[in-house]
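Chemist: Before I ask anything, here is the structure I am working with.
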Amino acid sequence: MPAKYRQPGLRFEYPENWHLEEGPGAGRASVTVYSPGGAFWTVALHPRETSPLKLAELVVQAMREEYKDLDVEEVREITAGHELIGYDLAFFYMDLTNTAKIRTLRTRYGTYVFFYQGEDREFAAVEKVFQAMTTSLLRNLDNPHLWD
């Protein structure tokens, strides 16, 4: 049975054997969920007037400063009926290839940023879980009690 995270503006399900940390983030609220192997999924909620594309570009800029050989691909996708914009990233860390994905979305509640990352072998195993977590949050955007 999945665990449930419920805070104003952020409601989603995640695997009960994964570790969740609420964090001080750049947005109004942020949460990171870690897999047992170290891959992670983060969501941050920013004020609605914050540009989704600008947020995604800032994340890419920060990643470029950290990883000089960063490969970046712009992405648009539909998830749970919402258009997400962002980037797919590939880079080396400690001689291992890694993947990260940035997705952003503006809603009537605010601008959401999703960031998930892991070493490629683990990422392949947990990417569907990351997508399910994102989907569960997006489906909850229509919940009239989202801010309770």
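Taken in order, the sequence shown gives residues 0 to 147; the numbers are from numbering that gives the first Met the number 0.
For each residue, glycine too, the CB sits at the ideal point set by N, CA and C.
#1: I'd like the ranges of any alpha helix (DSSP H) spanning at least 4 consecutive residues and lying wholly in the segment 46-109.
#2: Measuring CA to CA, which of Ala28, Arg27, Trp40 is closest to Tyr13?
#3: Taking C-beta to C-beta, are Phe91 and Arg102 nearer than 8 Å?
#4: Between the Cα of Leu137 and the Cα atoms of Met0, Lys3, Phe11, which residue gives the shortest distance?
#5: For Lys3, write down the residues that DSSP places opposite it in a beta bridge.
#6: Please work out which residues of its chain come closer than 6 Å, Cβ to Cβ, to Arg27, disregarding the five sequence neighbours upstream and downstream, and give them in chain order.
#7: Any contact of the segment 73-85 with the segment 51-61, i.e. 3+ C-beta pairs under 8 Å?
#8: Look at Thr98 and Ala89 and say whether their C-beta atoms are less than 8 Å apart.
#9: Using the C-alpha atoms, what's the distance from Glu15 back to Pro1?
Modeler: Considering the structure as presented:
#1: 51-65, all fully within the segment 46-109.
#2: Position 14 of the sequence shown holds residue 13. Considering only alpha carbons, the answer is Trp40.
#3: Looking up residue 91 in the sequence shown gives position 92. Looking up residue 102 in the sequence shown gives position 103. No; because the gap between Cβ atoms is not below 8 Å, this pair is not in contact.
#4: Residue mapping note: residue 137 aligns to position 138 of the sequence shown, counting from 1. Minimum Cα distance to Leu137 is reached at Phe11.
#5: Looking up residue 3 in the sequence shown gives position 4. According to DSSP, which records beta bridges pairwise, Lys3 is partnered with Glu12.
#6: The count along the sequence shown starts at 1 and reaches residue 27 at position 28. So the list reads Leu44, once near-sequence residues are dropped.
#7: Counting C-beta pairs with one atom in each stretch, the segment 73-85 and the segment 51-61 have three or more that are closer than 8 Å, which means they touch.
#8: Along the sequence shown, read from residue 1 onward, the residue named residue 98 stands at position 99. Along the sequence shown, read from residue 1 onward, the residue named residue 89 stands at position 90. Taking C-beta atoms as the reference points, Thr98 and Ala89 count as a pair closer than 8 Å.
#9: By one-based count along the sequence shown, residue 1 stands at place 2. By one-based count along the sequence shown, residue 15 stands at place 16. Separation of Pro1 and Glu15 (C-alpha to C-alpha, rounded to the nearest whole angstrom) is 5 Å.
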